[in-house]
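*Asks:* Would you mind keeping the following structure in view while I ask a few things?
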Amino acid sequence: MRAVIQLDNVSKRYWLRRNRSGELKVRFLGLLHKDRRETRDELWALRDVSITIGQGESVGVIGRNGSGKSTLLKLVAGIHEPTSGDVRVARGTRVGTLIELGVGFHPELSGRENVFLNAAIHGLTRPAIEALYPAIVDYAGLRDFMDVPLKNYSSGMQMRLGFAVAANLDPDILLLDEIFAVGDEEFQNQCRRTLAQFLSAGKTILFVSHAAASVRAVCHRVCLLEHGRLLYDGGVDGGFNAYHRLMLTSSPAPSPVPAVQATALSSSAEAAGEPWHRVTVGGLWDELGELQFDFLKNQGLLPSHYLLDVGCGSLRGGIHFIRYLDPGHYIGFDCDEPLVRAGIEIELARVKLDPARATFIVNDNFQLDGLPPIDFAFAQELFPEIPLTTVITCIAAVVKKLAPGGRFYVTYFEDPNPAETAPVVQPSGVVTHPDMFPYHLNFEVLEVMAVIARA
Amino acid sequence: MTVPETRSGAAKVARDVALALVSYAAGYELRFPASGFHAIHHAAVRWLPLLVAAQIAALALAGRDKRPAAARTIAAVAIGTLAGAAAGWFLFGREGVSRLALAGDVILLCLGALATLPSERRPASDMISPTQLDGGGGVLAISTGLSAIYRYRELLKNLVLKDLKLKYRGSVFGFLWSLLNPLVMILVYLVAFKYIMAIRTEGFVFLLLVGILAWTFFANSASMGAGAIVDNSGLLKTVYFPRAILPIASVFFNLAQYLLTAAVFLPLMLIIYQVRPGPPALLFPVFLLLQLAMTIGIALALAAGTAFFRDIRHLLEIALMVMFWTTPIVYDYHRVPAAWRWPILFSPLSPFVLTYQDIFYYAKWPEPQTAAVAIVYAGVALIGGFALFTRVQGQFTEQL
């Protein structure tokens, strides 16, 4: 894919000036009196950020206030220049900057004159504007108002007009800065529809926002900035998980549970956002696996039920079930034999459980023969690791084995793009997986899969 | 939205070289010791190309150096001045190495060095800086600036029209009010000079009018242009477009008013004084263009300066006040004693006013020296203004 935007080790420093000597007089006085002199502090808005964006990608930039998102956008737009590093765009592309709708609008001019002015600010020539003018008027729905001075428009009408011009600009790269923050729902829907059209036309979008819903609807890739550093560059869900983790670790009060967690859980989920490691101190769940254990118990898991743990891995989660269920009622399935073996030898030994209490099946293609009807089946953390076709095979195989009334709990993902499951090598050399935590497939797809499986 | 540039590299370089040659050649008219407009060595004109070539070569050689920009500029200026002084001494003896000539040299070379963008900013690759999307391949700041402005000409037109509409919309007599200003000024000066001080000048009102109109254009452009960047900080922070468009729009706005006012008053004067416009009047567009170039250059320099130091606007007011009196608008140049003529050189508007007076009232061709000085001022102001503006425009958004 051809790269259209490239940032190489970009840093941007602003000077915070005190006693700003915007005047020669003050500068002169500063020579005489030390305390009148201008002092300045550094503010690094961006530090060593490197991102490459290819044509047709839609990238969301998220982060807290002051993390450098708008600065990043303005660097790509050419409004600021980097202190160090390179910002480059592909030669010959048209870059459309939408940091503010209706930039240049003057209240005394009529709607028509403002449209021409605004389009000219964005670099269009007169013939181009005249050709687009009818489309703009239609899009805004303000045909009768075009000769009325802008000061007589309502704020909603002004925004519609501004967005109408922006929507018809047809740039190759679109830079958006939180323009969804204002406006009613209809306006936001219109924005989203227009962006979807841009995307399907193969344009590149760089979108800065706080609103998760907008970013999810538009973007396929997310960059998380914090204090000017790029913390995450990958899939949307992983990005938002990292974002929530960030908010949790740095804010004194725990944030509410992300909606993706099961609402049946009765306790607050501090640990839901905790980083993934063996034993976490603090929070309600001390160990990995306790979360799904509690969850399944809430769903009615009894020791007499049969449980199929799809992708049991090294049994970190399985040990709770093995301990709880009757002997022989826990069936663990995986395709990685050494891992299961390690789990049996290390994990079960650690908590002094007898391996004979559990049954293990290891094979590559979800052959689940010879099993009793399963009451509860669940797949945790498995699906990010495998391609979509394998997911379908898995669901098919498991669903066939379910007892009447049995349930298969899956964690599911939103964008069924096989590439999303591939591990990402970060610039620092660390390998991350886009999704280590719950993510959503939409229910229709799951249902279809289940129907196919039953057939 | 940035509008990408489409021109081959060779054409760009050729264009830049042509511009550089023209500006340097015009600049060297002033290189020789001058007292007023009448003392330029005519013989030296034959040797001008050699001098110009020597200095441009020196600049180019110094420009190839890989050292940092400041050291390179100083080296270029030093080498160029020495080369020029040597050539001048060789050609004209001691006379060619006067202090005035050296001072002129240094100024011109500094401008030339400032005006050439460092060549490492022009990567041949596919990926370029977003501010270069409008065309960053030129060697001279002025040529890239001008081509970017041409591409955004629709914006320029819209800004000028917007200002004009805003000024005249909603007012009852509209345009007539802007005719009142020069009219009143003329009346006041007429009474003061002709009747109170009893200075006899033939065709005083005509000469006065020509001068005042040209002056108003210049002074208003300078004042409005100086504020163009700081007053439009909102625009600058939200979208990218060639920043130079803002001061240039103010200049064109004032140009439009100048032309409209002149279109009313000039025919009036011609009728009242029964002057027949002769062929010299055809030079008006040429000198208008030169005055426009000079004003644009000065507006750009002032806009850049005001972005960093806000009280330049106040200094400008005072400077304009002084400049009004050093320009032969309300008095006759030929009456000024020769020893006192040198301050008139310092007003960049003087050659233009004199030329307009010549071509319209006296209906004679302007003197070559006056025209030469006009060309020099226009070239130096335009190139220098663009150079300065382009050099610092990256810092505007941080200063505002």
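Chains as they are written, first to last, in the working numbering: chain A, 1153 to 1607; chain B, 210 to 609.
A virtual CB, placed ideally from N, CA and C, is assigned to each residue, including glycine.
Please return the same chain residues whose Cβ sits closer than 7 Å to the Cβ of L1253 (chain A), not counting the five positions on each side in sequence.
*Replies:* M1311, G1314, F1315, A1318 and I1331
*Asks:* Name, in chain order, the residues that DSSP records as bridge partners for F426 (chain B).
*Replies:* In the DSSP output, where bridge partners are listed per residue, F426 (chain B) has none listed.
*Asks:* What would DSSP say about G1452 (chain A), mapped onto helix, strand or coil?
*Replies:* coil
*Asks:* I believe Y1395 (chain A) touches I1214 (chain A) by the beta-carbon criterion, under 8 Å. Please report the beta-carbon distance rounded to the nearest angstrom.
*Replies:* 6 Å
*Asks:* Sorted by chain position, which residues of the same chain lie with C-beta nearer than 6 Å to K1226 (chain A)'s C-beta, five sequence neighbours on each side aside?
*Replies:* If you ignore the 5 residues before and after K1226 (chain A), its C-beta comes within less than 6 Å of the C-beta of H1232, all in its own chain and listed in chain order.
*Asks:* Could you check the C-alpha separation between M336 (chain B) and S352 (chain B) for me, to the nearest Å?
*Replies:* 21 Å
*Asks:* So, at 6 Å on beta carbons, what are the nonlocal neighbours of I1474 (chain A) in its own chain, with the 5 sequence-adjacent residues on each side left out?
*Replies:* Y1482, L1505, R1509 and A1510
*Asks:* Determine, for G339 (chain B), whether the minimum Cβ-Cβ distance to residues of chain A falls below 8 Å.
*Replies:* Looking at the sequence shown, residue 339 (chain B) is not Gly but Pro. Judged by the 8 Å Cβ criterion, P339 (chain B) is in contact with chain A.
*Asks:* Under 8 Å, CB to CB, which of the residues in the stretch 423-456 of chain B have a partner in chain A?
*Replies:* G443, L444, L445, K446, T447, V448, Y449 and F450
*Asks:* According to DSSP, is P451 (chain B) helix, strand or coil?
*Replies:* Of the three classes helix, strand and coil, the one that applies to P451 (chain B) here is coil, per DSSP.
*Asks:* So, at 6 Å on beta carbons, what are the nonlocal neighbours of Q1519 (chain A) in its own chain, with the 5 sequence-adjacent residues on each side left out?
*Replies:* none
*Asks:* Look at V1255 (chain A) and V1241 (chain A) and say whether their C-beta atoms are less than 8 Å apart.
*Replies:* no
*Asks:* Hey, how far is the Cα of G1206 (chain A) from the Cα of R1243 (chain A)?
*Replies:* Their Cα atoms are separated by approximately 13 Å.
*Asks:* By the criterion of Cβ-Cβ separation under 8 Å, what are the contact partners of M336 (chain B) in chain A?
*Replies:* A1155, Q1158, R1240, V1241, A1242 and R1243
*Asks:* Any contact between the stretch 1456-1469 of chain A and the stretch 1522-1533 of chain A? By contact I mean 3 or more CB pairs, one from each, below 8 Å.
*Replies:* yes
*Asks:* Taking a Cβ distance cut-off of 7 Å, strictly less, list which residues of the stretch 1216-1239 of chain A are near chain B, in chain order.
*Replies:* V1228, A1229, G1230, I1231, H1232, E1233 and V1239
*Asks:* Buried or exposed: which applies to E1282 (chain A), given that a residue is buried once 16 or more other Cβ atoms fall within 10 Å of its Cβ?
*Replies:* exposed
*Asks:* Chain B beta carbons: is any one of them nearer than 8 Å to that of Y1260 (chain A)?
*Replies:* According to the sequence displayed, residue 1260 (chain A) carries Glu and not Tyr. Taking a beta-carbon distance threshold of 8 Å, E1260 (chain A) counts as an interface residue toward chain B.
*Asks:* Assuming F605 (chain B) and A516 (chain B) make a contact with CB atoms under 8 Å, what is their CB distance in whole Å?
*Replies:* For F605 (chain B) against A516 (chain B), the beta-carbon gap comes to about 5 Å, under 8 Å, which counts as contact.
*Asks:* Could you check the C-alpha separation between G1484 (chain A) and I1203 (chain A) for me, to the nearest Å?
*Replies:* Cα atoms of G1484 (chain A) and I1203 (chain A): separation of roughly 41 Å, rounded to the nearest angstrom.
*Asks:* For Y482 (chain B), collect the residues of the same chain with a Cβ closer than 7 Å to its Cβ; drop the 5 residues on either side in sequence, then sort them by chain order.
*Replies:* G412 and F415
*Asks:* Taking just the CA atoms, how far does F1447 (chain A) sit from A1494 (chain A)?
*Replies:* 26 Å
*Asks:* Could you have a look at I1231 (chain A) and say whether DSSP puts it in helix, strand or coil?
*Replies:* coil
*Asks:* Please classify V369 (chain B) as buried or exposed, where buried requires at least 16 other C-beta atoms within 10 Å of its C-beta.
*Replies:* Within 10 angstroms of the beta-carbon of V369 (chain B) lie 16 or more other beta-carbons, which makes it buried.
*Asks:* Please name the residue, chosen from A:L1269, A:R1165 and A:S1361, that lies closest to E1194 (chain A) on a Cα-to-Cα basis.
*Replies:* E1194 (chain A) has its Cα closest to that of A:R1165, out of A:L1269, A:R1165 and A:S1361.
*Asks:* I'd like to know whether the C-beta of T606 (chain B) is nearer than 8 Å to at least one C-beta of chain A.
*Replies:* yes
*Asks:* If you follow the alpha helix (DSSP H) that A621 (chain B) is part of, which residue opens it and which one closes it?
*Replies:* Outside the displayed range of chain B (210 to 609) lies residue 621 (chain B), so it cannot be described from this structure.
*Asks:* Just list the alpha helix (DSSP H) runs in the stretch 1219-1303 of chain A, keeping only unbroken ones of 4 residues or longer that don't cross its boundaries, in chain order.
*Replies:* 1221-1229, 1263-1273 and 1278-1292
*Asks:* Assess, as a yes-or-no matter, whether the stretch 385-392 of chain B is touched by the stretch 1269-1288 of chain A under the definition of 3 or more beta carbon pairs within less than 8 Å.
*Replies:* no
*Asks:* Taking DSSP's pairing of strands, which residues face Y586 (chain B) in a bridge?
*Replies:* In DSSP, Y586 (chain B) forms no bridge with anything.
*Asks:* Give me, in chain order, the residues of the same chain whose beta-carbon lies closer than 7 Å to that of S1222 (chain A); leave out the 5 immediate sequence neighbours on both sides.
*Replies:* D1329 and V1360
*Asks:* Taking only the alpha-carbon atoms, compute the straight-line gap between D1324 (chain A) and G1248 (chain A) and give it to the nearest angstrom.
*Replies:* 7 Å
*Asks:* Would you mind telling me which residues of chain B sit closer than 7 Å to L1284 (chain A), beta carbon to beta carbon, in chain order?
*Replies:* Near L1284 (chain A) there are no residues of chain B at all, since even the closest Cβ is about 12 Å away, more than 7 Å.
*Asks:* Note down, in chain order, each residue of its chain lying with its Cβ closer than 7 Å to the Cβ of S430 (chain B), except the 5 sequence neighbours on either side.
*Replies:* S459, V460, N463, T504 and A508
*Asks:* Once you ignore the five residues that flank S1614 (chain A) on each side, which residues in its own chain have a CB closer than 8 Å to its CB?
*Replies:* Any question about residue 1614 (chain A) goes unanswered here, given that chain A covers just 1153 to 1607.
*Asks:* Should N1270 (chain A) be labelled buried (16 or more other beta-carbon atoms within 10 Å of its own) or exposed?
*Replies:* N1270 (chain A) should be labelled buried.
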